[in-house]
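Please read the structure below before turning to the comments.
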Amino acid sequence: MTAVPRFPAARDGTPTAAMLAAWERDGVLVIEGAVTPADCDALVERSRAIVDAWDPAEGAAVFSTTAPRHAADRWFRESGDRIRVFLEAGAVDAAGALLRPKHQAVNKLGHAMHDLDPVFDRVSRRPQLAALAAGLGLADPLLVQSMVIWKPPAVGGEVTCHQDATFLITEPSSVVGFWLALEDADAGNGCLYAIPGGHRGPLRQRFHEVDDALVSQTLDPAPFDDAAAVPLPARKGTLVVLHGKLPHGSAPNTSDRSRMAYTLHVVDGAARWHPGNWLRRGPDLPFRGFVPVG
Ligand code: FE2
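Sequential numbering from 399 applies to the sequence shown in the working numbering.
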């Protein structure tokens, strides 16, 4: 098991030669102190306010990567240009009723935080992140998807090992994931793990729409090399950058601490956006890059 190097945040965000070498080799970059604690706190505060304002009677859906019942759910399919709340499987009964207070039942918020909420917009479009994306080779970066992964104490669910390029499809594949620790994440509360170098292997699955249904299609049956997975503990403010084909996941949170994280997925507008992507945008909210509006 080879540890992944950790880098201090560069002032202007531009990756150094050593970071680019690690990115090529590992398909993952761990950048400490990339976002200030104050900005992390601002995102947590906004997230809590969104859940405060959410009435479970409006609708909800369980989001689980181990039992993907969400696939047929309109709540999920219509969330590409909205901010919607998704719940943990262990926090609702068979009829979908909450078994615990709503703040302790959330799996995630998604999927257009960065375009609809001014605080998420500001942090997502910070110039340092634009410089980092450019340095990693995204010629025409488009911010397509954002999520707050709640990972609440006791019921925060497992995220099974996957490649982000399974879910956000361009030709050629171009997605890069930016995962920001909003709270300290470690092996005790379900931090990320990844398989360094695994991005050089094939894309295993494609999750896309076929005949109006969302399906997971196996492209390559080769199993992930689970024995090569390394934990990626991350202090609050640490940014983990994930190549779209890098296998990664996280264990359940069985601790008494929450493990909130913010994820932002960026694709290259120079690549073709596949029409079968699950993620849809209406005409009022086209994908945008890092340049702030106004
Ligand atoms: Fe992911």
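We put the CB at the ideal spot given by N, CA and C, even for glycine.
Same chain only: Cβ atoms within 7 Å of residue i, ignoring 5 sequence neighbours per side
i    : result
V449 : V483, K500, H501 and V504
H512 : F518, D519, S522, L541, S544 and L662
A420 : P403 and L427
D623 : I593 and G596
T414 : A408
A510 : G478, D479, R480, I481, S544 and L683
N675 : L566, I567 and H606
G680 : D479
A649 : E556 and G588
Any non-hydrogen atom of the ligand NAD closer than 8 Å to residue i Cβ
i    : result
V449 : In the structure on display, the ligand NAD does not appear, and the ligands it does have are the ligand FE2.
Residue nearest to residue i in terms of C-alpha spacing, selected from the options
i    : options                   : result
L630 : N675, E430 and S572       : E430
P673 : L536, G425 and I567       : I567
V639 : L418, L427 and A408       : L427
A408 : L530, W421 and A495       : L530
W577 : N675, R657 and E456       : R657
D682 : E581, E456, F405 and D479 : D479
G425 : N651, W676, G680 and H641 : H641
G575 : Q543, V517, D584 and I593 : Q543
V553 : C438, D437 and N651       : N651
R598 : D623, L644 and G635       : L644
G588 : A440, S571, D654 and V442 : D654
D538 : W671, W676, R472 and S477 : W671
D471 : G680, E607, V442 and P684 : E607
P551 : G535, G586 and P570       : G586
L580 : G596, A436 and P619       : A436
P454 : A420, A495, E422 and R475 : A495
L677 : E422, A415 and F474       : F474
A493 : L514, D515, A459 and H509 : A459
A625 : P594, D584, P403 and R423 : P594
L637 : A416, E422, C438 and R679 : C438
D410 : A416, A432 and R423       : A432
G647 : L418, M417, P621 and L590 : L590
Close-in-space but distant-in-sequence residues of the same chain around residue i (CB under 8 Å, 5 per side omitted)
i    : result
A401 : V628
L507 : S445, I448, V449, I481, R482, V483, F484, M545, V546 and W548
D491 : L497
L617 : P600, L601, R602, Q603 and R604
T434 : G635
R686 : D513, L540 and L541
S571 : A563, L601, G642, K643 and A669
R423 : P594 and G595
P619 : R602
Contacting residues, own chain, Cβ-Cβ under 6 Å from residue i (five flanking each side not counted)
i    : result
V691 : none
V573 : D562, A563, L566, G642, H663 and V665
A469 : Unreliable positioning characterises A469 in this predicted model, as indicated by a pLDDT of 45, which lies under 50. The coordinate reading is nonetheless provided below. Only L612 meet the Cβ criterion.
T412 : A529 and G533
V517 : A440 and R444
A489 : L497, R498, A503 and V553
Y660 : L441, V546, L578 and L580
D582 : R633 and K634
D584 : P631
Taking 8 Å as the threshold, find out whether the region 552 to 569 comes into contact with the region 517 to 526 through three or more Cβ pairs.
Touching, no.
Threshold first: 3 residues or longer. Then list the beta strand (DSSP E) segments lying entirely within the region 540 to 620, N to C.
Listed in chain order, the beta strand (DSSP E) runs fully inside the region 540 to 620 are 557 to 560, 574 to 579, 590 to 592, 603 to 608 and 611 to 616, counting runs of at least 3 residues.
The region 607 to 621 / the region 650 to 670 touching (three or more Cβ pairs under 8 Å)
Taking 8 Å as the limit for Cβ pairs, the verdict is that the region 650 to 670 does not touch the region 607 to 621.
Could you name the residues whose beta carbon sits closer than 6 Å to any heavy atom belonging to the ligand FE2, keeping them in chain order?
For the ligand FE2, the selected residues are H560, D562, G575 and H646.
Within the region 612 to 681, note down every full beta strand (DSSP E) run reaching 3 residues or more, in order along the chain.
Whole beta strand (DSSP E) segments, 3+ residues: 628 to 630, 637 to 641, 646 to 648 and 659 to 666.
Suppose only complete runs of 3+ residues qualify. What are the beta strand (DSSP E) ranges in the region 413 to 449, listed by chain order?
Listed in chain order, the beta strand (DSSP E) runs fully inside the region 413 to 449 are 426 to 430, counting runs of at least 3 residues.
Alpha helix (DSSP H) runs contained entirely in the region 483 to 549, provided each spans 4 or more residues:
Here the runs fully enclosed are 511 to 514, 516 to 522 and 525 to 533.
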